[in-house]
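Colleague: What follows is a structure written as structure tokens; I'll ask about it next.
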Amino acid sequence: MSKKYSIIVLVLCSLLASCAQTMPSQIAESPTAVIVGQTNQPTPPAEAARRPTIEPFRFVLPTPGAEPVSNWRPPLYPLPWAVSPYDHFYFARPIAADNVNWPLAEYRYGGVYFAPNIVHTGVDIDAVEGATVLAAGAGTVVSAGWGLFSGSDNNISDPYGIAVVLRHDFGYKGKTLYTIYAHMSEVKVVKGQRMKLGDTLGLVGSTGATTGPHLHFEVRLGGNSFYDTYNPELWMAPPQGWGVLAGRISGEKGELLYEHSVETRPLPSEVPLRRVYTYAKEAVNSDPYYQENLVLSDLPAGIYKVTMKYNDKTVQTFVEIFPGQITYFTFTDKNGFQTVPPPAPTLNFLPRTATATLTPTP
Ligand SMILES: [Zn+2]
76 MSKKYSIIVL VLCSLLASCA QTMPSQIAES PTAVIVGQTN QPTPPAEAAR RPTIEPFRFV
136 LPTPGAEPVS NWRPPLYPLP WAVSPYDHFY FARPIAADNV NWPLAEYRYG GVYFAPNIVH
196 TGVDIDAVEG ATVLAAGAGT VVSAGWGLFS GSDNNISDPY GIAVVLRHDF GYKGKTLYTI
256 YAHMSEVKVV KGQRMKLGDT LGLVGSTGAT TGPHLHFEVR LGGNSFYDTY NPELWMAPPQ
316 GWGVLAGRIS GEKGELLYEH SVETRPLPSE VPLRRVYTYA KEAVNSDPYY QENLVLSDLP
376 AGIYKVTMKY NDKTVQTFVE IFPGQITYFT FTDKNGFQTV PPPAPTLNFL PRTATATLTP
436 TP
């Protein structure tokens, strides 16, 4: 990928500082979407203050709707897509399928680009200037234009640039879901507007802290702040026939390994397919079920070799990616690679794992 993106993301991120036993291989006939219902969560004062009074929340599942036509990848699974009870592929891609729209490998969720305390809270999707930005799910526009970070409509130095925030009609585990679309050249919507899946939100640009056009996309759950983000690659429906790899990699004392480089290659080819890094320490959240620190999506089904360095040795395992599913693995000092899915969660849902020790300085 172009070097320019490193700068793009870096700058944005500076402001955002702020795991084979694979899954069962059968695919459900239809997605088993998980958990909905009214929320009883109190609204944090800060959020209440900036939330426009538009429509009451409706916690329902995403509804099927228009979807971009694909040239470079198969069409997505229908939304909502969930093979396991803990999956939640509720969103479509925010960029039309005839654009290359997988997240830039170097700028994934949880990456660090400039300094140890600057962590990327979304994924960057390569796209040409003027490409259409699409609603990843139905919802209401709660913010459109400048000022997503700073809160000021007139702040044209806001790192997100021209951005849109959608509050979705559906939630997860009683929590509100938001998606964020940043760095647009132009918005086509206004605050309060109702959007269907696939509706046009605006155009790809390079406003804000970027040096070139791309879309910065975030998924926020339970609140609309930097500390409420989750890895979009676990929320965007896979292309049909493709799957997702999620992992949790830890060290000698059980501690998560941060920013650890992992290579994933399809077999039989030995050509590196993708390099991915485990999450950095701060500001990002692991999925409540998977507790992952690494996700790699858009993998065509098949066998992959996963390789990394550990204590100066190269360690590896083989995982199978299944269509429409998440393949999960762990690495621990004691047991090496394992492919046992996590046990069903026993905690009251959604532990907040992000540490809010960072103070973004706009
Ligand atoms: Zn970004």
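Here the sequence shown is numbered in this note's numbering, starting from 76 and rising by one per residue. The beta-carbon is built from N, C-alpha and C at its ideal position, and this holds for glycine as well.
Could you spell out where the beta strand (DSSP E) holding A355 opens and where it closes?
Modeller: A355 -> no beta strand (DSSP E), and no H or E assigned at all.
Colleague: Whose C-beta lies closer than 6 Å to the C-beta of F166 among residues of the same chain, with five residues either side of it excluded?
Modeller: A211, G212, W310 and M311
Colleague: What are the boundary residues of the beta strand (DSSP E) that V216 is part of?
Modeller: G214 to G220
Colleague: Please tell me whether A202 and P343 are closer than 8 Å, where the distance is taken between their beta carbons.
Modeller: no
Colleague: Does DSSP put E261 in a helix, in a strand, or in coil?
Modeller: strand
Colleague: When the Cα of D199 is compared with those of G249, L252, G226 and G186, which residue comes out closest?
Modeller: G186
Colleague: In this structure, what does DSSP give as the bridge partners for W310?
Modeller: Answer is none; W310 lacks a bridge partner.
Colleague: Just verifying my parser: in three-state terms, what is the DSSP assignment at F397?
Modeller: coil
Colleague: Any heavy atom of ligand 1 inside 7 Å of the beta-carbon of D199?
Modeller: yes
Colleague: Counting only the same chain and skipping the five closest in sequence on each side, list residues whose C-beta sits under 8 Å from that of G377.
Modeller: P341, L342, E395 and I396
Colleague: What residue from T275, L374 and E330 has the CA that sits closest to E338's CA?
Modeller: Measuring C-alpha to C-alpha distances from E338 to each of T275, L374 and E330 identifies L374 as the nearest.
Colleague: Assuming contact is defined by CB atoms lying nearer than 8 Å, are L272 and L154 in contact in what I supplied?
Modeller: yes
Colleague: Restricting to Cα atoms, I'd like to know which of D362, N368, T407 and G280 is closest to V239.
Modeller: G280
Colleague: When you compare only the Cα positions, how much space is there between A419 and S361?
Modeller: 15 Å
Colleague: On the three-state DSSP scale, how would you describe D199?
Modeller: strand
Colleague: For the segment 361-371 against the segment 249-267, are there 3 or more C-beta pairs whose distance is under 8 Å?
Modeller: no
Colleague: Can you tell me whether H335 sits near ligand 1, meaning its C-beta is under 7 Å from at least one heavy atom of the ligand?
Modeller: no
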